[in-house]
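**Q** Have a look at this one.
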Amino acid sequence: MSVHVVEANRPELVSIGRADGGSRRARRSRLPSGVERMLGVVLLVGAWQLASNVGLIDVQTLAGPATVVRSGWHLIQDGTLQSAVWVSLQRVLEGVAIGVPIATALALIAGLSRFGEDVVDAPLQMLRFLPIIGLQPLIVLWFGIGNTAKVSLIVFGVIFPVYINTFAAIRAIEPRHFELAHSVGLGRFATIRRIVLPGALPGFLVGLRMAAAVAWLILVFAEQINATNGIGYLMIHAQEFFQTEIIVVGLAVYAVLGLLSDALVRVLERRTLQWRASR
Amino acid sequence: MARQPVIDRASNSSWIAGPSRSQDASDAVVVRAEGVGRTFGRRVVLDGLDLEIREGEFLALLGRSGSGKSTLLRAFAGLDDGIEGRAVVPARRAVVFQDARLLPWARVLDNVVLGLRGADAHRRGRAALDEVELLAHERDWPKTLSGGEAQRVALARALAREPALLLLDEPFGALDALTRIRMHALLAGLCARHRPAVLLVTHDVDEAILLADRVAVLTDGRISLDATVEIDEPRRRADRRFAALRSRLLAELGVDEDIEAHRTPITTHQPLH
Ligand SMILES: Nc1ncnc2c1ncn2[C@@H]1O[C@H](COP(=O)(O)OP(=O)(O)OP(=O)(O)O)[C@@H](O)[C@H]1O
Ligand SMILES: [Mg+2]
Numbered sequence: 052m053s054v055h056v057v058e059a060n061r062p063e064l065v066s067i068g069r070a071d072g073g074s075r076r077a078r079r080s081r082l083p084s085g086v087e088r089m090l091g092v093v094l095l096v097g098a099w100q101l102a103s104n105v106g107l108i109d110v111q112t113l114a115g116p117a118t119v120v121r122s123g124w125h126l127i128q129d130g131t132l133q134s135a136v137w138v139s140l141q142r143v144l145e146g147v148a149i150g151v152p153i154a155t156a157l158a159l160i161a162g163l164s165r166f167g168e169d170v171v172d173a174p175l176q177m178l179r180f181l182p183i184i185g186l187q188p189l190i191v192l193w194f195g196i197g198n199t200a201k202v203s204l205i206v207f208g209v210i211f212p213v214y215i216n217t218f219a220a221i222r223a224i225e226p227r228h229f230e231l232a233h234s235v236g237l238g239r240f241a242t243i244r245r246i247v248l249p250g251a252l253p254g255f256l257v258g259l260r261m262a263a264a265v266a267w268l269i270l271v272f273a274e275q276i277n278a279t280n281g282i283g284y285l286m287i288h289a290q291e292f293f294q295t296e297i298i299v300v301g302l303a304v305y306a307v308l309g310l311l312s313d314a315l316v317r318v319l320e321r322r323t324l325q326w327r328a329s330r
Numbered sequence: 119m120a121r122q123p124v125i126d127r128a129s130n131s132s133w134i135a136g137p138s139r140s141q142d143a144s145d146a147v148v149v150r151a152e153g154v155g156r157t158f159g160r161r162v163v164l165d166g167l168d169l170e171i172r173e174g175e176f177l178a179l180l181g182r183s184g185s186g187k188s189t190l191l192r193a194f195a196g197l198d199d200g201i202e203g204r205a206v207v208p209a210r211r212a213v214v215f216q217d218a219r220l221l222p223w224a225r226v227l228d229n230v231v232l233g234l235r236g237a238d239a240h241r242r243g244r245a246a247l248d249e250v251e252l253l254a255h256e257r258d259w260p261k262t263l264s265g266g267e268a269q270r271v272a273l274a275r276a277l278a279r280e281p282a283l284l285l286l287d288e289p290f291g292a293l294d295a296l297t298r299i300r301m302h303a304l305l306a307g308l309c310a311r312h313r314p315a316v317l318l319v320t321h322d323v324d325e326a327i328l329l330a331d332r333v334a335v336l337t338d339g340r341i342s343l344d345a346t347v348e349i350d351e352p353r354r355r356a357d358r359r360f361a362a363l364r365s366r367l368l369a370e371l372g373v374d375e376d377i378e379a380h381r382t383p384i385t386t387h388q389p390l391h
């Protein structure tokens, strides 16, 4: 009677769907999947702690987890970590806030006219192969070693993924949608608002996610070259005193911030791309 | 309602307003095409085509695949820049494409009112949705609609514009036979109420005879047959005049009727209502 009954003599049949709640097999004597996923992490950290305790890993090579947590706690208590995070976060936010609008504007110019494509796209497609980090010496010459230099490096890094994905998305908008716009008498701006922007949004968000990742990567690099504050500075400073625990704290903070910004873009995706969800 | 024909695509010199005689005796004519031509490369698709459609008239256009039906419809819709000859069409015209062509990122009602101006755009959009019995779906995303529902939304989008000319390019081609019967009834009702001039491009001879006041066949770039459908409503396939017109059209299309009879879907044996 249930679709789940697969006759023994009919191996070519498979069951689909899930009927009477009688979930078969699986998740019977198993842990919740969240716990399961943590298991590997816990084992790794445990092994790391053990290796530190028995002296297998020297503190000056890599501090154990307990030391790292303690050190992180101290950094929070005296406010050092918060101010470093704030400084770094500001740099990324500024870079993104400047780079994303520039990239979007460039993508619109290139995506909406042949002329724009020739003028904007060709040079950008060439420049995208520049390793952004290699620009550092020039940037230092242009902007010195202050905050501006770091932010502008992030701006450069952010522009390319956003531009390339947004431009590609605009170009991928189906001609039949433009034809529709024409047939209902939409003007140029209405067409951009109703067709181009929403049509390119998925691609733009892909670019934004890549940009967020790139921004943190460049920040790490820029802050470790020459900074007087920020997370990178904290780590370089710790390096001079062989404080590996602080270096690990810095790494962990970078990871958490990267994760959070990615999650933020995903939330944005889910909210703005509702129309894509299946039934 | 101002229904006087206007110049279409003033930018295109070869595609200009017809002579002013549209004002006098024949002012009921809303579409007048004279010597309309279209070539793609060296392929002549429309070749000096003449066609008139009157106010409120329902014209079905038949033709073999590739004969240029869509090309002509796109020309009337103002979507083709390469048209030669001259034609006059109403400024207020609306197109329903073979695919429903809804914007996936806009909700149903927003699709219906796309490009509509005026404070009462939403009210008109809702009224049109109500007419195609989809008002309950106004907040839905197009992705969640069935094929027939999407096509009805496209119809509502066209209706909301209160067009003087409704251009339909095989709007039911992708629908199953049962849905198509219901859409026929719906379209017939809508046209009876709003009385736009209609150009329905179709492959389906029965569909053409059931719905149209006039049936034209496009062959070799021109109208090769233009017949008024003189069959009382409700039209039934059993009617002798129906069968006669059907044979004539099929012959004009170069189809062997006996083979066609075997191939035709079950709509063949269904009366319209
Ligand atoms: N943009 C184009 N470029 C080149 N050839 C074209 C173009 N559009 C249409 N054609 C050609 O013009 C001819 C008529 O096309 P059209 O789409 O009008 O046919 P149709 O009568 O609508 O056919 P169907 O019933 O299959 O839809 C075809 O041979 C097609 O290949
Ligand atoms: Mg066609």
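Sequences listed follow chains A and B, in order. Anchor point for the first sequence: position 152 equals 203 in the numbering used here, and the numbering is continuous, going up by one each time. Anchor point for the second sequence: position 126 equals 244 in the numbering used here, and the numbering is continuous, going up by one each time. Note that the Cβ used here is the ideal one computed from N, Cα and C, for glycine as well.
Ligand 1 and B:E288: does the residue's C-beta get closer than 8 Å to at least one heavy atom of that ligand?
**A** The answer is yes for B:E288.
**Q** Using the rule of at least 16 other Cβ atoms within 10 Å of the residue's Cβ for burial, across every protein chain shown, is A:S417 buried or exposed?
**A** A question about residue 417 of chain A goes unanswered here, because the residues of chain A that appear run from 52 up to 330.
**Q** Since I believe A:I215 is in contact with A:V247 (beta carbons under 8 Å), could you give me their beta-carbon distance rounded to a whole number of angstroms?
**A** A:V247 to A:I215, Cβ: 17 Å. No contact.
**Q** Between which residues of its own chain and B:D344 is the CB-CB distance below 6 Å, once the five residues before and five after are set aside?
**A** Around B:D344: A334.
**Q** At least one CB of chain B closer than 9 Å to the CB of A:A232: is that the case?
**A** It does; some Cβ of chain B falls within 9 Å.
**Q** Which of helix, strand or coil does DSSP assign to B:E202?
**A** Looking at B:E202 - three-state DSSP - the assignment turns out to be strand.
**Q** Which residues does DSSP list as the beta-bridge partners of B:D287?
**A** BP columns for B:D287 point to B:V319.
**Q** How about the stretch 187 to 195 of chain B and the stretch 205 to 218 of chain B: do they share at least three Cβ pairs that are nearer than 8 Å?
**A** Enough Cβ pairs lie closer than 8 Å, so yes.
**Q** Since A:I221 contacts A:A158 with CB under 8 Å, what's their CB separation in whole angstroms?
**A** With a Cβ gap of about 6 Å, A:I221 and A:A158 count as contacting.
**Q** Closest by CA to A:R244, which one among B:R156, B:L328, B:L221, B:L305?
**A** The residue with the shortest Cα to Cα distance from A:R244 is B:L221.
**Q** Does B:R219 pass the burial test, meaning 16 or more other C-beta atoms within 10 Å, or should it be called exposed?
**A** It counts as buried.
**Q** Counting only the same chain and skipping the five closest in sequence on each side, list residues whose C-beta sits under 8 Å from that of B:E267.
**A** Contacts found: L252, H255.
**Q** Can a CB atom of chain B be found closer than 9 Å to the CB of A:V235?
**A** It does; some Cβ of chain B falls within 9 Å.
**Q** Taking B:V162 as the reference, give the member of B:L368, B:G307, B:S185 with the closest Cα.
**A** When only C-alpha atoms are compared, the closest one is B:S185.
**Q** Report whether the distance from the Cβ of B:K187 to the nearest heavy atom of ligand 2 is below 8 Å.
**A** Answer for B:K187: yes, Cβ within range of ligand 2.
**Q** Check whether the Cβ of B:F215 lies closer than 9 Å to any Cβ atom in chain A.
**A** Answer yes: the Cβ-Cβ gap between B:F215 and chain A drops below 9 Å somewhere.
**Q** If you drop the 5 nearest sequence neighbours on each side, which residues of the same chain put their C-beta closer than 6 Å to that of A:H228?
**A** Taken in chain order, the residues that qualify are I246.
**Q** Which residues, taken in chain order from the stretch 173 to 207 of chain B, show a beta carbon closer than 7 Å to some beta carbon of chain A?
**A** Flagged, chain order: A195, L197.
**Q** Does the CB of A:G91 have a neighbour CB from chain B at under 9 Å?
**A** By this cut-off, A:G91 is not an interface position.
**Q** Output, in chain order, the set of chain C residues within a Cβ distance shorter than 9 Å of B:G166.
**A** In the structure shown, chain C does not exist; the protein chains are A and B.
**Q** I need the straight-line Cα distance from A:G115 to B:D258, nearest angstrom please.
**A** Those two C-alpha atoms are separated by around 55 Å.
**Q** Is DSSP giving B:G236 helix, strand or coil here?
**A** Reduced to three states, the DSSP call for B:G236 is coil.
**Q** Determine the contact status of A:I210 and A:I153, defining contact as a CB-CB distance below 9 Å.
**A** Closer than 9 Å, so yes.
**Q** Given a threshold of 16 other Cβ atoms within 10 Å of its Cβ, counted over all protein chains shown, does B:A128 qualify as buried or as exposed?
**A** With a pLDDT of only 36 at B:A128, under 50, the local geometry of the prediction cannot be trusted, and no value is derived from it.
**Q** Going along chain A, which residues have a C-beta under 7 Å from B:R219?
**A** Per Cβ cutoff of 7 Å: R227, L231.
**Q** Looking at chain A, is there any beta carbon in it that lies within less than 9 Å of the beta carbon of B:L286?
**A** By this cut-off, B:L286 is not an interface position.
**Q** For chain B, find out if any of its Cβ atoms is closer than 9 Å to the Cβ of A:A223; answer yes or no.
**A** Not one chain B Cβ lies under 9 Å of A:A223.
**Q** So B:R340 is in the beta strand (DSSP E); what residue range does that whole segment cover?
**A** Residues 340 to 346.
**Q** For B:I327, name the three-state secondary structure that DSSP assigns.
**A** If DSSP states are grouped into helix, strand and coil, B:I327 belongs with the helices.
**Q** Which residues of chain A have a Cβ atom closer than 9 Å to the Cβ of B:P352, listed in chain order?
**A** Those within 9 Å of B:P352 in chain A number zero; the least Cβ separation is about 33 Å.
**Q** Please confirm whether A:R245 has its beta-carbon closer than 9 Å to some beta-carbon of chain B.
**A** So, interface residue.
**Q** Determine whether the Cβ of B:L225 lies closer than 9 Å to any Cβ atom of chain A.
**A** Reading off the sequence, residue 225 of chain B comes out as Arg, not Leu. Interface residue, yes.
**Q** Keeping to the same chain, check which residues put their C-beta closer than 8 Å to that of B:D217; ignore five residues upstream and five downstream.
**A** Result list for B:D217: A292, in chain order.
**Q** Tell me whether B:Q392, by its Cβ, gets closer than 8 Å to a heavy atom of ligand 2.
**A** A question about residue 392 of chain B goes unanswered here, because the residues of chain B that appear run from 119 up to 391.
**Q** Sort out for me which residues DSSP pairs B:V154 with in a bridge.
**A** According to DSSP, which records beta bridges pairwise, B:V154 is partnered with B:L167.
**Q** Taking only heavy atoms of ligand 1 into account, decide whether any of them is closer than 8 Å to the Cβ of B:V147.
**A** No, the beta carbon of B:V147 sits no closer than 8 Å to any heavy atom of ligand 1.
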